[in-house]
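Going down the list, the sequences are from chains A and D. With numbering that gives the first Met the number 0 applied, the first sequence corresponds to residues 0 to 470, in that order. With numbering that gives the first Met the number 0 applied, the second sequence corresponds to residues 0 to 498, in that order. Think of the CB as a built atom: it goes at the ideal place given N, C-alpha and C, for glycine as much as any other residue. Reading through the structure tokens given below for one structure.
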Amino acid sequence: MDNLNFIYPEIFISISIMFLLILGVFKKKSSSLISNLSILALFGALVLIFNYPTNTNLEIFHGDYKIDFISSYMKILTILSGIFVLITSSKFLKIFKIFQIEYPILILCSILGMFVMISSNDLIVFYIGLELQSLALYVLASFNRDHTKSSEAGLKYFVLSALSSGLLLYGCSLIYGFTGTTNFDEISIIMNNNQYGLTFGIVFILVGLAFKISAVPFHMWAPDVYEGSPTSVTLFFAVAPKIAALTVFIRFLYVPFINVIEQWQLIIVFLSVGSMVFGAIAAIGQKNLKRLIAYSSIGHMGYALAGLCTGTIEGVQSSVLYISIYLVMNFGFFSCLFMLKRNNIYHEDIDDLSGLSKNHPLIALSLLIILFSLAGIPPLAGFFAKFYIFKAVLEQSMYYLAIIGLLSTVIAAFYYLRIVKIMYFDSEKGKYDTDYSLGLRFTLTLTTILILFYFIYPSKLIEIVSKINII
Amino acid sequence: MDFPILSSLILLPSIGALFLLFANESTTKSRQTIKYVALFVAFVNFFISIYLWNLFDKSTFEFQFIEEKQWLKGFINYKVGVDGISILFIILTTFITPLCIISVNNSIKSRIKDFLIAILVMESLMIGVFCSLDLVVFYLFFEGGLIPMFLIIGIWGGDRRVYSAFKFFLYTLLGSVLMLIAIIVIYLTSGTTDVVKLYEIGIDSNFQNLLWLAFFSSFAVKTPMWPVHTWLPDAHVEAPTAGSVLLAAILLKMAGYGFLRFSIGLFPIASELFTPLIYFLSLIAIIYTSLVALMQEDMKKLVAYSSVAHMGFVTLGIFTFKQQGLEGSIIQMISHGLVSAALFLLVGVVYDRIHSRLIETYGGLVSVMPKYSILLMIFTLAAIGLPGTSGFIGEFLILMGVFQDSFLVATIASLGVILGAAYMLWLYKRVIFGKLINNDLLKISDLDKSELFILVSLALPTLFFGFYPEPLLNTIEVSVSNLIEIYNYNLNISGNNNG
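Below you can see the structure in the form of structure tokens.
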């Protein structure tokens, strides 16, 4: 029973979900209330996580569940993304007439799943978490159910995700077959270099995980699902599952399989290079902003994986730093997307940004800063994220990876510049509505300021991230 | 030194820009106010930099006004400081910026506020480049300049502005990312990116060649050297006058400064090894672009190509590793900063009135624009390098340095001087003299007060330093000889290690 003391955040969120469900059933038209209460629940979980001492390093439930610094950090990121999604999306959902009680509850469910994934130290626990978050996400993707594209997105995500889950499970069973255990720590003790079957297991699990973070060549679902889902769900897709999957990546590669790094390093390098290059090139031809950000996120995951393939703790830290800054940039970008509303219709084509700088100079300026940051131009935050990745990569003398990565930033710069061009150089179109909600204004201002002024005091985040120690 | 004078120089324009951001520019009056505010900030910065020059101790080669703060913890410190070389570039920057702002009156028609913000941010970044003493800090400022310049070319440029802006951005970014890899490698091999410390410990000779090439790829694009100069004519032609002035006068100097500060001091062995390459590329730049300039029909393009040729002299001088060559290069850069700025402004003056940059449109301007003709004469002669102008001092010293190294190279470079005279004088003849055929030109008005002010304030230092270059030489002398000493010293230790 002592173990329960350490999973208060998870328990708290579960109870909140049940309570909110019941409340939703008995109280009609309570969507706003439930949405607000969900935000409150997330804040509650945040407080509970902050309650852990920072040097906690616990293995509970027979070593199957781990509470350490990286799990707390990633959980905080997940909660923050949940909070931002909820505070920015209510207006959007109302206009689409899909502001229902299930929406915040599903988000809470998937966050709970992510918590389990992040803390899992065992293949089965990890799989349960993964399925919980995925099931919630299938429904969220098709949340705008009267809309064909949204239903298509949900179905597509479900079919492909089920396939990858199958591969993942098969990998788990192979690993179990060759080691006789599902616990990460025990696997790492039994690990033996000569077992080829085990390598197969690793490959299958990596495929499943690569699918979740949409790394090339398992990215095919991303553009369609991003485009089809309601924008607020796209935002959630773009950040939260990636945080959880990246954590599992880290734990999976660095706890049981760090000694067979030569077996998996090349796979990760391949995923990383493929994502960086493909993400950069495929985004050039896009016309829809959501599709574009899908390809851009594929590229960004490539950079995060580049940090992971180094096999060093610095590499892991740089990946975590990267995903944290990526999160902030995406919030900013999507807040701008939410602001492109005219007569209750949301516009999401790149051409709709035409001349934005004349009608809405401040939004255009924020978007400009966010885009240049996504492109990794100094002195904005995105540059530091890339800088640390490449530092970790070069420390391992992987020059080719650094050169490919940096060259693809140049290619990627092109499509970010194209958006800037359309905003700043082209002639203006009609004005957009200016009745932004407070949450939206707050998010955009905060993210822009964070990105723009990050360079003044970059040490704090790095200091926090450098506490991560998983081995 | 307690007061962080360099950081305030860097920050002040940006703070000014931040103020402007929230200003309202709906009425003519408020636009005027915005301009005055920007001008005020730029002038204050200019006076601070003059004050800095006053405080500056010319007798020592040590970096002065050093500020060091912890920045990326345990890894990189924010470090700025100036020596004799960088202080001149800082003054050039703070001197040119207010002139740019004054020139905005005629050349920029829309979105003046945004333009001034871009210019002020640009100034901050450029000053940052010239006084940063850490490679990462340098890179930050060096690359950051791309953003405002991209906007300046793209928003206020001519017809092909989008193409030029993209070309400018992607070319320079491509050049620079390799430099970023090199910087990280330097950190990993030497354990620091502090330039002063790196001067002392030197860089592993096994890495030098590749690192030098990586830095070269960035600086060569920005200089620009042949064959990666092609972005420059496009960018210049399409940029608004004030943008061209900034680009030619200061941005191009960042690369020359980079060669001086980093390539020579940090990679002496590689620099020595690659000197023939630089000579070769510089000579091609001088001869080839001069010939290209000769055939241009567009005045602005002609001046742009002449910039490439002049920068060819600069790189030539830097890689002589001789006192005269280096001093000549620095003076040539300062002088080119003044002269090319003036030439672009002069082209801008007639463009604002007639809206044509084609040389054939003009002819016989001397009878309608006497003041203009005199000033264009002064700057044409300065561009040629006539004795009595600052251009002469630079070219003369460079050629002296090159002569000590190689007779052949110096001879070919001297041919470039003759070609330079040819295209500039021919341009002058076609624009100013001859018959006044175009009827539009009859109504053209001569320079107005603000234009006259800008051009005269550029002409005065050009002539003054042409007759009396002592203040400049005095400032850089000790730093340059120290740089050469560092170069020789590092060459020797690395050589010994190899042997």
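The beta carbon of VAL194/D does not come within 9 Å of any beta carbon belonging to chain A, so the residue lies off that interface. For the alpha helix (DSSP H) assignment, the uninterrupted runs of no fewer than 4 residues enclosed by the segment 72 to 120 of chain A are, from N- to C-terminal side, 101 to 118.
Residues of the segment 119 to 144 of chain D whose Cβ lies closer than 7 Å to any Cβ of chain A, in chain order: TYR138, LEU139, GLU142 and GLY143. Within the segment 233 to 265 of chain D, the runs of alpha helix (DSSP H) at least 4 residues long that lie entirely inside it are, in chain order, 240 to 245 and 251 to 257. The C-beta distance from ILE116/D to LEU19/D rounds to 5 Å, short enough to meet the 8 Å contact threshold. Remark: C-beta atoms of PHE215/D and PHE273/D approach each other more closely than 9 Å.
Within the segment 447 to 469 of chain A, the residues whose Cβ lies closer than 8 Å to any Cβ of chain D are, in chain order, PHE454, PRO457, SER458, ILE461 and GLU462. In the same chain as ASP67/A, and ignoring 5 residues on each side of it, the C-beta atoms closer than 6 Å to its own belong to ASN56, in chain order. The CB of ALA152/A never comes closer than 8 Å to any CB in chain D; the least such distance is about 33 Å. Residue state for SER444/D is assigned as coil, using DSSP reduced to three classes.
For LEU57/A, the uninterrupted beta strand (DSSP E) segment begins and ends at 57 to 59.
Between the segment 98 to 113 of chain D and the segment 156 to 166 of chain D, the count of C-beta pairs closer than 8 Å stays below three; the two stretches do not touch. Proximity of TRP70/D to chain A, defined by a Cβ-Cβ separation below 9 Å, is satisfied. In this structure, LEU414/D lies away from GLN331/D, with their beta-carbon atoms at least 9 Å apart. If only uninterrupted beta strand (DSSP E) runs of at least 3 residues are considered, none is enclosed by the segment 190 to 215 of chain A. When the beta-carbon positions are compared, VAL313/D and SER328/D come within less than 9 Å of each other.
The alpha-carbon separation between PHE142/A and SER30/A amounts to approximately 15 Å. Counting only Cβ-Cβ distances below 7 Å, THR408/A has contacts in chain D at VAL176, in chain order. For ILE66/A, there is no enclosing alpha helix (DSSP H); the residue is found in the beta strand (DSSP E) stretching over 64 to 66. Any Cβ of chain D closer than 9 Å to the Cβ of ALA282/A would place that residue at the interface, and such an atom is absent.
For the segment 243 to 260 of chain A, the beta-carbon criterion of a distance under 7 Å to any beta-carbon of chain D is satisfied by none of its residues. Shown here, ARG159/D sits in coil according to DSSP, grouped into three states, outside any helix or strand. Proximity to SER365/A across MET328/A, ILE403/A and MET113/A peaks at MET328/A, based on C-alpha coordinates. Counting C-beta atoms within 10 angstroms of its own C-beta, ASP434/A has fewer than 16 neighbours from the protein chains shown and is therefore classed as exposed. For the alpha helix (DSSP H) assignment, the uninterrupted runs of no fewer than 4 residues enclosed by the segment 73 to 128 of chain D are, from N- to C-terminal side, 83 to 106. At a cut-off of 9 Å between beta-carbon atoms, SER323/A makes no contact with chain D. The continuous alpha helix (DSSP H) containing PHE333/A extends over residues 312 to 338.
Under the Cβ distance rule, TYR287/D does not count among the residues neighbouring chain A, no pair being separated by less than 9 Å. Against ARG160/D, the close residues of chain A are PHE424, in the order they occur along the chain (beta-carbon pairs closer than 8 Å). Excluding its 5 nearest sequence neighbours in each direction, SER160/A has C-beta neighbours in its own chain below 6 Å: SER133, listed in chain order. One finds nothing in chain D with a Cβ atom closer than 7 Å to the Cβ of PHE68/A; even the nearest lies about 18 Å away.
Below 8 Å, too few C-beta pairs join the segment 281 to 295 of chain D and the segment 238 to 257 of chain D to call them touching: fewer than three. DSSP, read as helix, strand or coil, puts PHE21/D in coil. At a cut-off of 9 Å between C-beta atoms, TYR345/A does not count as an interface residue with respect to chain D. In this structure, the straight-line span from the alpha carbon of LEU231/D to that of HIS309/D is close to 13 Å. Taking 7 Å as the Cβ-Cβ cut-off, the segment 369 to 399 of chain A approaches chain D at PHE371, ILE376, PRO377, PRO378, PHE389, LYS390, LEU393 and GLU394, given in chain order.
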